[in-house]
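Q: Mind looking over this structure? Questions follow.
Numbering (our numbering), first residue to last: 534 to 816.
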């Protein structure tokens, strides 16, 4: 931990100590983390810290920033949970431990669904904070968007985001597709981490994010396999997009074909990993 701050310490000095502490803890982006935490403590935009390096850290902000740095460096809590928000495409979402922190790679699910026909009925399965469903509704207001999750707590968070953003999305508590009604398209970011990979995860994930949204059996495909088994009996669904883990695209594509989808393709994330399996039914 950095030395205790004195009230009135310039922002640049406060940042220097925080960056050192966060880097020593093994975090990947110490400067970005420190800037986000200090901006939050001061109630200013991050850009102001860059343009006004002598901005004083005073009053309640001193304790708030030191506590935030402790949570990040010692407890390895994700920045999004500490400051309570995370950007996702064009939206800023409220974030807490009720759902996973939205990831940039998950934005691919929105990208591939933007080409759906006007008025299509879309269900975001495993919606969590509502990120995908809300982004879709924001960028394609004509779509009839719903989000489902097995977790009542996650749905509370999703509904909170929808209300704050004034986006009309319907929320359903459901076990995958059980009793959800009819939809034209399914997008899903389901748990896909294999149990044996648990100890290889970063502390931010393992200690703080909900395990039920991460792990899916010995090969990581338990939830996806169950979803596709249900889809085999739902011919009305003509479009499917699934986020998958590294190395899972090929086996998921095979499961998708067995569920009577064709025209299967893969979308790569910025790390060039085949991250989303997209499939359609034309028959």
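Ideal Cβ positions, reconstructed from N, Cα and C, are used throughout, including at glycine.
Pull up the CB-CB distance for residue 611 and residue 741, whole angstroms please, since I reckon it's below 8 Å.
A: At roughly 6 Å, the Cβ-Cβ gap stays under 8 Å, so residue 611 and residue 741 are in contact.
Q: Quick check on the DSSP output: the beta strand (DSSP E) that includes residue 726 runs from which residue to which?
A: Careful: residue 726 lies outside any beta strand (DSSP E) and carries neither H nor E.
Q: Output the boundary residues of the beta strand (DSSP E) element that contains residue 678.
A: From DSSP, the beta strand (DSSP E) with residue 678 extends over 677 to 682.
Q: First and last residue of the beta strand (DSSP E) that includes residue 512?
A: What the structure shows of the chain is the stretch from 534 to 816, and residue 512 is not part of that stretch, so it cannot be assessed.
Q: Nearest-angstrom Cα distance between residue 589 and residue 548?
A: Using only the alpha carbons, I get a separation of about 11 Å.
Q: Rounded to whole angstroms, what's the CA-CA distance from residue 550 to residue 640? Just pull it up for me.
A: Roughly 34 Å separates the two Cα atoms.
Q: What number of angstroms, rounded off, separates the C-alpha of residue 564 from the C-alpha of residue 552?
A: Looking at the two C-alpha atoms, the distance is approximately 5 Å.
Q: Does any C-beta atom of chain D lie closer than 8 Å to the C-beta of residue 749?
A: Going by chain labels, chain D is absent from the structure shown, which holds only one protein chain.
Q: Does residue 616 come out as helix, strand or coil in the three-state DSSP assignment?
A: Looking at residue 616 - three-state DSSP - the assignment turns out to be helix.
Q: Using the C-alpha atoms, what's the distance from residue 555 back to residue 566?
A: The alpha-carbon atoms of residue 566 and residue 555 are separated by roughly 8 Å.
Q: Please classify residue 561 as buried or exposed, where buried requires at least 16 other C-beta atoms within 10 Å of its C-beta.
A: Burial call: exposed.
Q: Between which two residues does the alpha helix (DSSP H) holding residue 605 run?
A: Residue 605 -> alpha helix (DSSP H) spans 593 to 606.
Q: Alpha carbon to alpha carbon, what distance is there between residue 579 and residue 770?
A: Approximately 43 Å between the Cα atoms of the pair.
Q: From 753, 715, 703, pick the residue whose C-alpha is nearest to that of residue 722; which is it?
A: The shortest C-alpha separation from residue 722 is found at 753.
Q: Relative to the alpha-carbon of residue 615, which residue among 573, 652, 684 has its alpha-carbon at the smallest distance?
A: For the residues 573, 652, 684, the minimum Cα distance to residue 615 belongs to 573.
Q: Could you check if residue 540 is buried or exposed, using at least 16 other CB atoms within 10 Å of its CB as the buried criterion?
A: When all chains shown are included, residue 540 counts as exposed.
Q: Indicate the three-state DSSP secondary structure (helix, strand or coil) for residue 740 in the structure shown.
A: Of the three classes helix, strand and coil, the one that applies to residue 740 here is helix, per DSSP.
Q: Based on Cα-Cα distance, which residue from 707, 688, 673, 772 lies nearest to residue 623?
A: It is 673.
Q: Could you pull the DSSP bridge partners for residue 807 from this structure?
A: DSSP lists 801 as partners of residue 807.
Q: Which of the three DSSP states is assigned to residue 796 in this structure?
A: Here residue 796 sits in strand by DSSP.
Q: Roughly how many angstroms lie between the CA atoms of residue 781 and residue 632, to the nearest whole one?
A: Going by the C-alpha atoms only, they are around 23 Å apart.
Q: List the endpoints of the continuous beta strand (DSSP E) containing residue 564.
A: Run containing residue 564: none in the beta strand (DSSP E); it sits in the alpha helix (DSSP H), 563 to 575.
Q: Can the beta-carbon of residue 582 be found closer than 8 Å to that of residue 570?
A: No; because the gap between Cβ atoms is not below 8 Å, this pair is not in contact.
Q: Per DSSP, what kind of secondary structure is residue 589 in: helix, strand or coil?
A: Three-state result, residue 589: strand.
Q: Looking at the unbroken beta strand (DSSP E) that takes in residue 627, where does it start and where does it end?
A: Note, residue 627: beta strand (DSSP E), 624 to 627.
Q: Give the C-beta separation of residue 660 and residue 682 to the nearest angstrom, bearing in mind that I take them to be a contact with Cβ-Cβ under 8 Å.
A: With a Cβ gap of about 5 Å, residue 660 and residue 682 count as contacting.
Q: Could you name the residues of the same chain whose beta carbon sits closer than 8 Å to that of residue 795, not counting the 5 residues immediately before and after it, in chain order?
A: So the qualifying residues of the chain are 812, 813, 814, 815, 816.
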